[in-house]
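Structure first, then comments.
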Amino acid sequence: MNLKNRDFLKLLDYTPEEIEGLIDLAAELKAKKKAGIPHKYCDGKNIALIFEKTSTRTRCSFEVAARDLGMGCTYLDPTGSQIGKKESIADTARVLSGIYDGIEYRGFGQEIVEELAKYASVPVWNGLTNEFHPTQILADFLTIREKFGKLKGINFVYMGDARFNMGNSLMVGCAKMGMNFTAGAPKEFFPNAALIAECEAIARETGATLRFCEDPAEAVKDADVIYTDVWVSMGEPVEVWKERIEALSPYQVNSRLMAKAKPTAIFMHCLPAYHDLKTAVGKEMGERFQRDAMEVTDQVFESEQSVVFQEAENRMHTIKAVMAATLGAI
Ligand code: CP
Ligand code: NVA
344 MNLKNRDFLK LLDYTPEEIE GLIDLAAELK AKKKAGIPHK YCDGKNIALI FEKTSTRTRC
404 SFEVAARDLG MGCTYLDPTG SQIGKKESIA DTARVLSGIY DGIEYRGFGQ EIVEELAKYA
464 SVPVWNGLTN EFHPTQILAD FLTIREKFGK LKGINFVYMG DARFNMGNSL MVGCAKMGMN
524 FTAGAPKEFF PNAALIAECE AIARETGATL RFCEDPAEAV KDADVIYTDV WVSMGEPVEV
584 WKERIEALSP YQVNSRLMAK AKPTAIFMHC LPAYHDLKTA VGKEMGERFQ RDAMEVTDQV
644 FESEQSVVFQ EAENRMHTIK AVMAATLGAI
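With this note's numbering applied, the sequence shown has no gaps in its numbers, which climb one by one up to 673 at the end.
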């Protein structure tokens with residue numbers, strides 16, 4: 344597998360073999376880290392991290408992965424740079440390409456990260472846009488492989504807002520890897536028709552299946568994995584909470600729903616999650632709408648079936664694999 348100088352903007356740009364290769368590499372790097380074996384494969388290089396939205400996992404993963412690979416890194420926060428305000432994306436791309444060996448970007452529209460990559464002469468990595476979150480999917484799939492030993496044939500169910508970054512990227516990932524993808528959501532929360540059509544064409548090649556289900560109980564039947572994400576994503580106005588709760592409450596992942604999946608099913612979430620009232624937003628919205636949790640109950644989140652913290656750790660190992668491979672170190 345030679346991914347040198349490739350951008351990592353969305354899984355649609357990668358073949359199933361390349362995706363599997365990145366997951367293999369992540370597993371190898373994880374084993375090295377656990378065994379205390381140094382792997383400074385990118386020694387002397389430097390990367391820039393641009394965050395136009397907040398982050399815990401993605402930022403920490405890029406920073407620690409960079410350090411483990413021997414690289415320096417600079418974090419540009421949502422307010423602390425000229426990007427977009429005094430300097431265009433195209434100019435920023437060319438400036439940073441002269442100083443750094445790779446650039447991570449988290450922001451709003453996918454077209455922004457695509458524009459950055461177009462003008463940058465070093466690899467650009469998508470750290471989340473409204474449309475896609477590809478590094479998250481690698482971590483999710485590494486976790487599924489650790490749990491079930493395979494990806495192909497896994498019954499993967501995504502519950503909730505399936506037309507934003509997580510629903511979109513998981514559908515693409517499942518199609519690429521020959522998995523059985525189900526979205527459990529009201530019709531207006533299904534991914535857009537063009538992306539579904541693209542994934543259906545991929546699925547015909549890989550043996551994957553795609554299903555879109557408005558009945559929550561029907562959606563989770565025979566699931567190996569039940570996955571959910573927040574009902575209101577970063578960058579969306581607070582006013583949408585009310586309509587989202589009304590529309591998506593039937594799709595909350597709770598014990599009743601988990602019981603309808605296979606007994607061996609696992610629960611996954613990209614995090615952060617509103618599973619209790621211990622966050623400012625969770626508390627405010629919980630009290631306003633008389634709920635003790637949103638997309639997942641605390642009981643499921645804390646259950647034996649939940650693999651959310653293993654999944655979060657795997658962000659670091661998979662991001663490390665993406666950087667090492669695209670910087671040509673492996
Ligand atoms: N899952 C994820 O991307 O988390 P952060 O927003 O904390 O980076
Ligand atoms: N859909 C969420 C994912 C966070 C990792 C958001 O965009 O806020």
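All residues carry an ideal CB built from backbone N, CA and C; glycine is no exception. Fair warning: this is a prediction, and the values are worked out from it, not measured in the lab.
Measure the C-alpha to C-alpha separation of residue i and residue j and round it to an integer number of angstroms.
i, j, result
"His382", "Arg402", "20 Å"
"Arg410", "Leu354", "25 Å"
"Val575", "Thr622", "15 Å"
"Leu392", "Val407", "12 Å"
"Phe678", "Gly415", "The structure shown does not extend to residue 678, since the chain spans only 344 to 673, so no value can be given for it."
"Thr358", "Ala566", "25 Å"
"Glu361", "Leu346", "8 Å"
"Phe652", "Lys388", "30 Å"
"Gly496", "Cys517", "9 Å"
"Asn597", "Thr486", "21 Å"
"Ala673", "Glu363", "Checking the sequence, you will find Ile at residue 673 rather than Ala. Straight-line Cα distance between these residues: approximately 15 Å."
"Thr640", "Met601", "11 Å"
Given 6 Å as the limit, tell me if residue i has its C-beta closer than that to any heavy atom belonging to the ligand CP.
i, result
"Cys613", "yes"
"Arg488", "no"
"Arg634", "no"
"Thr401", "yes"
"Ser398", "yes"
With a threshold of 6 Å (Cβ to nearest heavy atom), would residue i be considered close to the ligand NVA?
i, result
"Asp572", "yes"
"Phe507", "yes"
"Ser404", "no"
"Met522", "no"
"Ser592", "no"
"Ser576", "yes"
Residues in its own chain within less than 8 Å of residue i by CB, not counting five upstream and five downstream?
i, result
"Arg488", "Ile366, Ala370, Leu494"
"Val665", "Phe351, Leu365, Trp468, Thr478, Leu481"
"Met628", "Trp584, Ile588, Tyr617, Arg634, Met637"
"Ile390", "Phe405, Ala409, Met414, Gly415, Cys416, Thr417, Tyr443, Asp444, Gly445, Ile446, Glu447, Met666"
"Gln425", "Thr435"
"Thr397", "Pro421, Met577"
For residue i, I'd like the list of residues in its chain whose CB is within less than 6 Å of its CB, leaving aside the five on either flank, ordered along the chain.
i, result
"Gly413", "Lys383, Cys385, Asp386"
"Asn523", "Asn498, Thr552"
"Lys375", "His382"
"Ala590", "Pro529"
"Lys626", "Leu620"
"Lys373", "His660"
Is DSSP giving residue i helix, strand or coil here?
i, result
"Asn657", "helix"
"Ala391", "strand"
"Trp468", "strand"
"Arg554", "strand"
"Asn511", "helix"
"Gly496", "coil"
"Ile380", "coil"
"Ala463", "coil"
"Thr640", "coil"
"Gly516", "helix"
Take residue i and list the residues in its own chain whose beta-carbon comes closer than 7 Å to its own, dropping the five residues that flank it on each side.
i, result
"Lys490", "Ile609, Val650"
"Gly510", "Tyr501, Asp504, Ala526, Pro534"
"Arg400", "Leu614, Ala655, Arg658"
"Leu670", "Cys385, Lys388, Asp444, Gly445, Pro466"
Should residue i be listed as close to the ligand ADP, given that the test is whether its C-beta is under 6 Å from any heavy atom?
i, result
"Phe652", "Absent from the structure shown: the ligand ADP. Ligands present: the ligand CP and the ligand NVA."
Quick check: the segment 650-662 against the segment 473-489, are at least 3 beta-carbon pairs closer than 8 Å? As far as the Cβ criterion goes, the segment 473-489 touches the segment 650-662, which means the pair count is three or higher.
Below 8 Å, can you find three or more Cβ-Cβ pairs linking the segment 533-547 to the segment 464-471? Contact fails: fewer than three Cβ-Cβ distances are below 8 Å.
Contact between the segment 599-613 and the segment 565-579 is defined here as three or more beta-carbon pairs at a separation below 8 Å; is this criterion met? They touch, by the three-pair rule.
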